[in-house]
Amino acid sequence: MQRQVALIKQSLFDQGYLDEQFMELEELQDDANPNFVEEVATLYFKDSARLINNIEQALERGSFDFNRLDNYMHQFKGSSTSIGASKVKTECTMFREYCRAGNAEGCLRTFKQLKKEHATLRKKLEQYFQLARQAGPKEIARRPK
Amino acid sequence: MILFLCYITTGLLLLIRDCNEFLSFCHKHIFLEVFFAMAGEVPNLAESKLTALVVDDNFVNQSIHHKLLDRLGIKNDVVCNGQEAVDVHCSGRNYDLILMDMDMPIMNGIQATKRLREMGIESKIAGVTTRAEEEEVKEFMEAGLNDFQEKPLTISKLVSILRNLDFYVQA
Numbered sequence: 045m046q047r048q049v050a051l052i053k054q055s056l057f058d059q060g061y062l063d064e065q066f067m068e069l070e071e072l073q074d075d076a077n078p079n080f081v082e083e084v085a086t087l088y089f090k091d092s093a094r095l096i097n098n099i100e101q102a103l104e105r106g107s108f109d110f111n112r113l114d115n116y117m118h119q120f121k122g123s124s125t126s127i128g129a130s131k132v133k134t135e136c137t138m139f140r141e142y143c144r145a146g147n148a149e150g151c152l153r154t155f156k157q158l159k160k161e162h163a164t165l166r167k168k169l170e171q172y173f174q175l176a177r178q179a180g181p182k183e184i185a186r187r188p189k
Numbered sequence: 088m089i090l091f092l093c094y095i096t097t098g099l100l101l102l103i104r105d106c107n108e109f110l111s112f113c114h115k116h117i118f119l120e121v122f123f124a125m126a127g128e129v130p131n132l133a134e135s136k137l138t139a140l141v142v143d144d145n146f147v148n149q150s151i152h153h154k155l156l157d158r159l160g161i162k163n164d165v166v167c168n169g170q171e172a173v174d175v176h177c178s179g180r181n182y183d184l185i186l187m188d189m190d191m192p193i194m195n196g197i198q199a200t201k202r203l204r205e206m207g208i209e210s211k212i213a214g215v216t217t218r219a220e221e222e223e224v225k226e227f228m229e230a231g232l233n234d235f236q237e238k239p240l241t242i243s244k245l246v247s248i249l250r251n252l253d254f255y256v257q258a
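Chains as they are written, first to last, in the working numbering: chain A, 45 to 189; chain B, 88 to 258.
Here you go:
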């Protein structure tokens, strides 16, 4: 099972879903906070769901307030960068470029892709964390406090 | 004891002999501290009794920055925006280091930094933001920062801040 966990994690990096920032977070796990990364990931998905909802509402209004959309996406990109969500971060960057260009169609197209990447990452990380918990502490980077 | 230190230093010098810069005895130890930090050894500054304030509106970043400081043994509080940072100082609290985000609601990092300096707060303030355009960084620095790092914050970036602000003393 530990090998399975390691393979899942490796595939997340190989497929570009995660970058080295995720490993930085794993380095912060210790005996006092053995599930730190999962806790941060949970915070991220809760926060990003709120931002997705805000952006959807803003897009549904029809009149594109590119400043407001850019602000939302700035927050989204910040969180995604902090957790190492590489593909999501890339879509955020693209969305912001479309905002600056005033390209509504580009924003809509990119937002659709962003939601897809976000959902895929969420599913994969949930699977990873579930298996990691079952496998026990060996597969989680830990430092003695 | 002196011979032992010389032996250890000589041995380590062999490892870093490709380094062209001549280091004094004291600088060697600081360099080695940084080297170990970069190699994964995390310094523990608990004995220094440093305190820090995390100012960021993003819950993910709050959690990470709090943990980073915790890992280095630095007791820290967290607030959600510049106004809360000002308020906590008005209540009499003081910190050695403030990690200040730029974009925050109610009062952003630039406004908060200016306000804290106007209040006479002499804490070291390090700006931590995703914004890295030269003009934006310049404006933030001119507000009263002592240092700046681009997010995402990592252990090595935080150690760099501590070193730049003279908090990182040799063992």
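C-beta atoms are modelled at their ideal positions from N, C-alpha and C, and glycine is treated no differently.
Burial state of residue i, where buried means 16 or more other Cβ atoms lie within 10 Å
i	result
residue 260(B)	Any property of residue 260(B) remains undetermined from this structure, which presents chain B solely from 88 to 258.
residue 129(A)	buried
residue 136(A)	buried
residue 111(A)	exposed
residue 131(A)	buried
residue 124(B)	Because residue 124(B) sits at a pLDDT of 47, beneath the cut-off of 50, its placement in the model cannot be relied upon, and the following sentence gives the value as read from the coordinates. The residue is buried, with at least 16 neighbouring Cβ atoms inside 10 Å.
residue 218(B)	buried
residue 119(A)	buried
residue 144(A)	exposed
residue 136(B)	exposed
residue 151(B)	buried
residue 148(B)	buried
residue 173(A)	buried
residue 192(B)	exposed
residue 249(B)	buried
residue 133(B)	exposed
residue 85(A)	buried
residue 65(A)	buried
residue 168(B)	buried
Residue i to residue j span [Cα, whole Å]
i	j	result
residue 167(A)	residue 246(B)	34 Å
residue 152(A)	residue 139(A)	8 Å
residue 213(B)	residue 134(A)	27 Å
residue 164(B)	residue 156(B)	10 Å
residue 255(B)	residue 205(B)	27 Å
residue 232(B)	residue 188(B)	11 Å
residue 240(B)	residue 215(B)	7 Å
residue 162(B)	residue 80(A)	18 Å
residue 179(B)	residue 60(A)	47 Å
residue 179(A)	residue 50(A)	10 Å
residue 76(A)	residue 154(B)	11 Å
residue 97(A)	residue 253(B)	44 Å
residue 169(A)	residue 117(A)	22 Å
residue 242(B)	residue 52(A)	25 Å
residue 139(B)	residue 202(B)	18 Å
residue 163(A)	residue 190(B)	27 Å
residue 99(A)	residue 176(B)	35 Å
Residue i: CB within 7 Å of a non-hydrogen atom of the ligand MG
i	result
residue 70(A)	You won't find the ligand MG in this model; it holds no ligand whatsoever.
Three or more C-beta pairs below 8 Å linking the segment 194-206 of chain B and the segment 226-240 of chain B: yes
Validate contact between the segment 68-77 of chain A and the segment 92-105 of chain A using beta carbons, cut 8 Å, 3 pairs: no
Residues within the segment 206-224 of chain B neighbouring chain A, beta-carbon criterion of under 8 Å: 217
Contact list for the segment 148-163 of chain A against chain B, Cβ threshold 9 Å: none
Every unbroken alpha helix (DSSP H) within the segment 137-161 of chain B, with a cutoff of 4 residues, ordered by chain: 146-158
The segment 177-195 of chain B touching the segment 155-163 of chain A, judged by at least three CB pairs closer than 8 Å: no
Continuous beta strand (DSSP E) assignments of at least 3 residues falling wholly in the segment 69-157 of chain A: none
Segments of 4+ residues assigned as alpha helix (DSSP H) that fall wholly inside the segment 187-233 of chain B: 196-205, 221-229
Residues, ordered as in the chain, of the segment 75-86 of chain A that lie near chain B by beta-carbon distance below 8 Å: 77, 80, 83, 84
Chain-ordered residues of the segment 136-153 of chain B with a beta carbon less than 7 Å from chain A: 145, 146, 147, 148, 150, 151
Contact list for the segment 60-75 of chain A against chain B, Cβ threshold 8 Å: 65, 68, 69, 71, 72, 74
The segment 152-185 of chain B: positions lying closer than 8 Å to chain A by Cβ: 154, 155, 158
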